[in-house]
Every structure is written in C-alpha cells, then in structure tokens.
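J.:
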Amino acid sequence: MRGKNVAIIGGGPAGLMAAEVLGAAGCAVTVYEAMPTLGRKFLLAGKSGLNITHSEDFDIFRTRFLAASERLGPALDAFTPDDIRAWTAELGTETFVGSSGRVFPTAMKASPLLRAWLARLEAMGVRLLKRHRWMGFEGDGLNLETPEGRIVIRPDATLLALGGASWPRLGSDAAWVPWLHDKGVEINPFKPSNCGFDVAWSDSFRERFAGAPLKSVVTRSPAGTFQGEFVISRHGIEGSLVYAHSAALRDQIDNDGQAVLSVDLTPGRSEERLVLDLARQGGKTSFSNRLRKGAGLEGVKAALLRELLPESPRATAETLAKAIKSLPIPLLRPRPIAEAISSAGGIAWPEIDARFMMARMPGLFVAGEMIDWEAPTGGYLLTACLASGRAAGQGMIEWLSGL
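Mapping of the sequence shown onto UniProt numbering: position 154 corresponds to residue 154, and the numbering continues sequentially without gaps.
1. Suppose the cutoff is 8 Å on Cβ atoms and the five residues either side in sequence are ignored; what does the same chain contact list for L144 look like?
2. Using only the alpha-carbon positions, how far apart do P310 and A223 sit?
3. For L162, name the three-state secondary structure that DSSP assigns.
4. Between I397, L364 and D353, which has its C-alpha nearest P74's C-alpha?
5. Quick one: using the 10 Å Cβ neighbour count with 16 as the cut-off for buried, is K301 buried or exposed?
6. With distances taken Cα to Cα, identify the nearest neighbour of G3 among T37, M17, S111 and A157.
7. Along the alpha helix (DSSP H) that carries I60, what are the first and last residues, could you check?
8. Compare the C-alpha of L305 against each of S202, S401 and A392 and name the closest.
9. Leaving out the 5 sequence neighbours to the left and right, which residues in its chain are closer than 7 Å to F61 when beta-carbon positions are compared?
10. Enumerate in chain order the residues of its own chain whose CB-to-CB distance from T146 is below 6 Å, with the five nearest sequence positions on each side excluded.
11. Helix, strand or coil: which one does DSSP assign to L189?
12. Keeping to the same chain, check which residues put their C-beta closer than 7 Å to that of I329; ignore five residues upstream and five downstream.
13. Please name the residue, chosen from V21, K191 and V177, that lies closest to A340 on a Cα-to-Cα basis.
14. What are the boundary residues of the beta strand (DSSP E) that includes A78?
15. Just to confirm, does L261 get its C-beta within under 6 Å of one of the non-hydrogen atoms of the ligand NAD?
16. Between the Cα of G211 and those of A359, I232, I253 and S221, spot the shortest distance and give me the residue it belongs to.
17. Are the CB atoms of residue 405 and E369 nearer to each other than 7 Å?
18. Counting along the chain, where does the alpha helix (DSSP H) carrying P81 start and finish?
19. Measuring CB to CB, does F356 end up less than 7 Å from G395?
20. Is the region 242-249 touching the region 279-290, taking contact as three or more C-beta pairs under 8 Å?
21. Quick one, are the C-beta atoms of V126 and V218 less than 7 Å apart?
22. With distances taken Cα to Cα, identify the nearest neighbour of P213 among I371, E298, G92 and D77.
23. Counting only the same chain and skipping the five closest in sequence on each side, list residues whose C-beta sits under 7 Å from that of R102.
24. Using C-beta distances below 6 Å, list every residue in its chain close to A248, excluding the 5 sequence neighbours before and after it, in chain order.
25. Provide the residue span of the beta strand (DSSP E) that contains D254, from first to last.
26. Going by DSSP, name the residue or residues bridged to L142.
27. Taking the straight line between their C-alpha atoms, what separation do you get for A317 and T93?
28. Who are R333's beta bridge partners in DSSP?
29. Ordered along the chain, which non-local residues of its own chain (more than five positions away) have a Cβ less than 8 Å from that of L91?
30. Are G345 and D372 closer than 7 Å when you measure CB to CB?
31. If you run the structure through DSSP and keep just helix, strand and coil, what is F96?
32. Mapping DSSP to helix, strand and coil, what is T37?
33. Would you tell me roughly how many angstroms separate the C-alpha atoms of A338 and L162, rounded to the nearest one?
Quick look at the structure:
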C-alpha cells in the first residue's frame, strides 16, 4: 500500500476510523475536514457523557438498524461493541456499562478519546487538514475550497464520510447530495430520526409545563412498548423515550397524515385497581385531589390528562382509568431535521457494493450517515459509523491491491 494516495473527505468518526485502517496499512492518507476542528458532532454528543456503544446481546444489537441491518451486518460483525471497547482502551479510555446497558467512557467525555485518537493518527503519518471543504467533482478530480483558495486533488482512492442532514451547524448539511445526484446516484430523501414531535398544546399548558419531564411512564406505538421518561417542550414532546418511537411515528405520519403516542401514566397500577381507587373518592372531592388520592397523579401528569381529555373532571372512574392507562398524544409532525439527533435517508444501498464502494464510480467509497440507515440512540449510531468507516477502509485497501 505504500505510495498509494488516499483522500478522506470528512473528519467525523467514520472518516477517522477509515484513516486509521488505511494509515496502518501504509497508505499516504489525508483527511479533509470542512470545519475548524475535527469530530465536532462527536464532541457535542459526548459533552455530557459519550454513549459509545451498547452491551446488549450482539444478536439483538445487530437488529437495531431496521431495514439496513442485513447490509450493515458484516461491518458490525467485524467491529463489534466488544471490539470498540477494546479499541477505546488501547487509546487510554476505559469504559463501563450503565444501568441501561449503554456503554460510556469512565471520564464521561468525548474529548480525551478524540485527542488520543488524533494523536495516534498523526503519529501514523495521517495528515489532518481543517477548513478544507469539498465543493464537488472537477473532471476526474475533487474540487476543494481551502484557506489558500480552490484546489483540485486526484487521489488513488477517496472516501466520502460527510454525514447526513442532522445538526448542519456542525457540518452535516447534506450539501453533497446534488453532486452525487448529477452522477446518477440514487439518494433517498433525508428525514429526521431520533427526533421530537409537534403537538398542538394550549397556550396555558405550554407556558406552565414546557421543560417539565414525565417520569416513570410507559409509551406505546407501532415501534413497540418502552418505559422511561420524556419531556414536554414548547412545541410538543422530546427526549429519549420519544426517540425510541420516532422512526415508526414519523413513517406513520408520512403514510397516514397522523400518528398517536399512547402513554400509560401509572405503569405500577392496573386499570381495574385505578377504577376502584378513583371510585372511592367522595363526590365532593376536587378533581385535583381525586387524581392525587385515587391515581397518584399530580403536576404535569395531571395537567397532561386535563389537556388531552378536557372532559376528565366530569368523567366516570372507568373512563378516567382507561385514559390514564392509555392516554393518546396526537402528533402533528416531526421536529425539523436540523434539530434531530440523526437522520434517515441518504445513498441507497444498491448504489454501494460489499466494500462500501460506489458501484457507478470505482475508487469512490462512502461510510457513516451518508448511507441510508438509521438506528435508535444508545450507542448504535456511533458503533455503525465506526464499523462502516473501518469496513470502507478495508474495502479501499482491497481495491487498491487489485483484489
């Protein structure tokens, strides 16, 4: 591989992992990053605790990537969550498993890991160039905007690792889509993933409860049943429990024009028990006390019931209990993709071969969130970016070797 010139466009986790694989093989690797620093989304995601992977059984882990699970499978098999933990340990970052099964660095930050990683890449001879933005193709080369002006590069192989369309202020702005479209590449429209949703709250509810968490609830949708908490926002609902349902709810809105997230406000009490406890309250008991004493509901939970079931103060014990156990929150639309943690959509899988090379453009490879896949939060996103970057790097070595 010595003497082979490789360009990596994008300095996020997928691009940096490919750079590591290629640098270790002896390639002359240059990473071109448009932003002033590398790994900006990686750093922001890890600001309050980097969720690097997940410890669940790998056979289950492998299914979390929905329709893309089969195509991503070989890359994940070759760089499993256990492999990622061993890799971070090599870089001086030990990890631990949290109560949810998510894996975190003991330092609970991304910056020490990124610093050690960049130092290792530079020690390998990888060039890390910042403020170098890809501006499309120029004949058989790549047009780059740099601090010194426009340049055209013609590497022996190129990896595009430019991210999807979420968090554009950190560099994932999907500006590359028209340039690949012009080459005939099929790109599925980007959609928000792991996102919040708009709800038509009343002004009074919004002003009083925006920012309030609903703790210890169970939510249901076509995605399944999940327990945890979410947050009331000025626009609607958001938080990890909502994100777990977001792909299914987004697709339901796309297909049917509407979707509902069902919430059980009292997971510890059966509907039958609630009916009995609510019926015991005297006829002169205020509605607030009736909910508090009969169902243990107050604050934002009681207010949410009132908001979504305006007739609740006059409802029978049976009607109230049914609503408490399955309160439907009607959703208007997903929040904008710029606010989403990640995105669905991107380069269609038929455009990419098993080595992550573009079928229409030999020598051009892709990795990470540019490709059409999505996954829930919990370490799955970062794992797939790292695994696809590693697989693309190895695919580039094979192609450069004539294999």
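All C-beta atoms in this analysis are idealised placements derived from N, C-alpha and C, irrespective of residue type, glycine included.
T.: In brief:
1. As a first step, residue 144 must be located in the sequence shown, where it is residue number 144. Only Y32, H132, R133, W134, M135, R150, I151, V152 and I153 meet the Cβ criterion.
2. Your numbering for residue 310 matches position 310 in the sequence shown. Your numbering for residue 223 matches position 223 in the sequence shown. One C-alpha to the other measures close to 28 Å.
3. As a working mapping, residue 162 is identified with position 162 in the sequence shown. DSSP places L162 in coil when its eight states are reduced to three.
4. The residue given as residue 74 occupies position 74 in the sequence shown. Nearest Cα to P74 within the set I397, L364 and D353: D353.
5. Position 301 of the sequence shown, counting from 1, holds the residue named residue 301. For K301, the number of other beta carbons within 10 angstroms of its own is at least 16, and it is reported as buried.
6. As a first step, residue 3 is located in the sequence shown; it is residue number 3 there, counting from the start. Residue A157 is the option with its Cα nearest to G3.
7. Position 60 of the sequence shown, counted from the first residue, corresponds to residue 60. F58 to F61 is the extent of the alpha helix (DSSP H) around I60.
8. The residue you call residue 305 lines up with position 305 of the sequence shown. Checking every option, the nearest Cα to that of L305 belongs to S202.
9. Numbered from its first residue, the sequence shown carries residue 61 at position 61. Answer for F61: H54 and P81, listed in chain order.
10. By 1-based counting over the sequence shown, the position of residue 146 is 146. Cβ within range, chain order: H132.
11. Position 189 of the sequence shown, counting from 1, holds the residue named residue 189. The residue you asked about is not Leu; residue 189 is Pro in the sequence shown. Note: P189 maps to strand in three-state DSSP.
12. For the purposes of this step, residue 329 is identified with residue 329 of the sequence shown, where counting begins at 1. Closer than 7 Å at Cβ, skipping near neighbours: V199, I237, V260, L261, V263 and L308.
13. Here the question's residue 340 lines up with position 340 in the sequence shown. Of the listed residues, the one whose Cα sits closest to A340 is K191.
14. In the sequence shown, residue 78 corresponds to position 78, counting from 1. That residue, A78, is in no beta strand (DSSP E); its alpha helix (DSSP H) goes S69 to A78.
15. Here there are no bound small molecules, and the ligand NAD is not part of this structure.
16. Reading the sequence shown from its first residue, position 211 is the one you call residue 211. Out of A359, I232, I253 and S221, I232 has the C-alpha closest to the C-alpha of G211.
17. Since the first residue shown for the chain is 1 and the last is 403, residue 405 is missing from the structure and cannot be characterised.
18. Within the sequence shown, numbered from 1, the residue matching residue 81 stands at position 81. Note, P81: alpha helix (DSSP H), P81 to E90.
19. Taking the first residue of the sequence shown as position 1, residue 356 is located at position 356. Taking the first residue of the sequence shown as position 1, residue 395 is located at position 395. A contact, by the Cβ cut-off of 7 Å.
20. no
21. Residue mapping note: residue 126 aligns to position 126 of the sequence shown, counting from 1. Residue mapping note: residue 218 aligns to position 218 of the sequence shown, counting from 1. Against a cut-off of 7 Å, the Cβ pair of V218 and V126 comes out as no contact.
22. To locate residue 213, count along the sequence shown from 1; it is residue 213. The shortest C-alpha separation from P213 is found at E298.
23. Numbered from its first residue, the sequence shown carries residue 102 at position 102. Within the same chain, R102 has close Cβ partners N51, H54, G378 and G379.
24. Position 248 of the sequence shown, counted from the first residue, corresponds to residue 248. Around A248: S221, P222 and A223.
25. As a working mapping, residue 254 is identified with position 254 in the sequence shown. According to the DSSP assignment, D254 belongs to no beta strand (DSSP E) but to the alpha helix (DSSP H) extending over S240 to D256.
26. The sequence position of residue 142 within the sequence shown is 142, counting from 1. F137 and I153.
27. As a position in the sequence shown, residue 317 is number 317, starting the count at 1. As a position in the sequence shown, residue 93 is number 93, starting the count at 1. Cα-Cα distance, rounded: 55 Å.
28. The count along the sequence shown starts at 1 and reaches residue 333 at position 333. According to DSSP, which records beta bridges pairwise, R333 is partnered with D198.
29. On the sequence shown, residue 91 is found 91 positions in, with the first residue counted as 1. Counting only Cβ-Cβ distances below 8 Å, and skipping sequence neighbours, we find L113, A116, W117 and R120.
30. Position 345 of the sequence shown, counted from the first residue, corresponds to residue 345. Position 372 of the sequence shown, counted from the first residue, corresponds to residue 372. Cβ atoms of G345 and D372: closer than 7 Å.
31. Reading the sequence shown from its first residue, position 96 is the one you call residue 96. Strand at F96.
32. For the purposes of this step, residue 37 is identified with residue 37 of the sequence shown, where counting begins at 1. T37: coil per DSSP, three-state reduction.
33. As a working mapping, residue 338 is identified with position 338 in the sequence shown. As a working mapping, residue 162 is identified with position 162 in the sequence shown. Taking the straight line from one Cα to the other gives about 15 Å.
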